[in-house]
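Below you'll find the structure, written out as structure tokens, and then a few comments.
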Amino acid sequence: MFSCFIFLLYYVSQCVVDETFKFFDTPYNGNWYDLPLSIQKLLLFIIQGRKKPVLLSICGIFVPTYEMLLTQCKLTWSCFIMLYSIQK
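In case it helps, mature numbering (1 follows the signal peptide of the UniProt record, and there is no 0) puts the sequence shown at residues -15 to -1, 1 to 73.
Structure, rendered in structure tokens:
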């Protein structure tokens, strides 16, 4: 049950990161060059916002994404194998 909660946490955080990138890519891929100059200037701020995506962090320590989940699984597996080999 706990592992399902952990996976759900990582899933939600990854969805937020993905939607952030999608939000900032949409104006860039549209026909922004056909819009009036004043709106083009406003869209420029949105397009530049892609450099810093919205991230959910746990206690300000790390951001739970699929990449972090995979890293933690690899570390857990390595520790398990090391303890198993020492026990033999």
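Using N, Cα and C, we set each Cβ at its ideal position, and we do this for glycine too.
Rounded to whole angstroms, the gap between the alpha carbons of residue 17 and residue 23 is 11 Å. Here residue 43 carries a strand assignment [DSSP, helix/strand/coil]. Assignment of residue 48 by DSSP, reduced to helix, strand and coil, places it in the coil class. In the DSSP assignment, residue 10 falls within the unbroken alpha helix (DSSP H) covering -14 to 14. Going by C-alpha positions, residue -7 is about 10 Å away from residue -13. Taking the C-beta atoms as reference points, residue 12 is found no nearer than 8 Å to residue 43.
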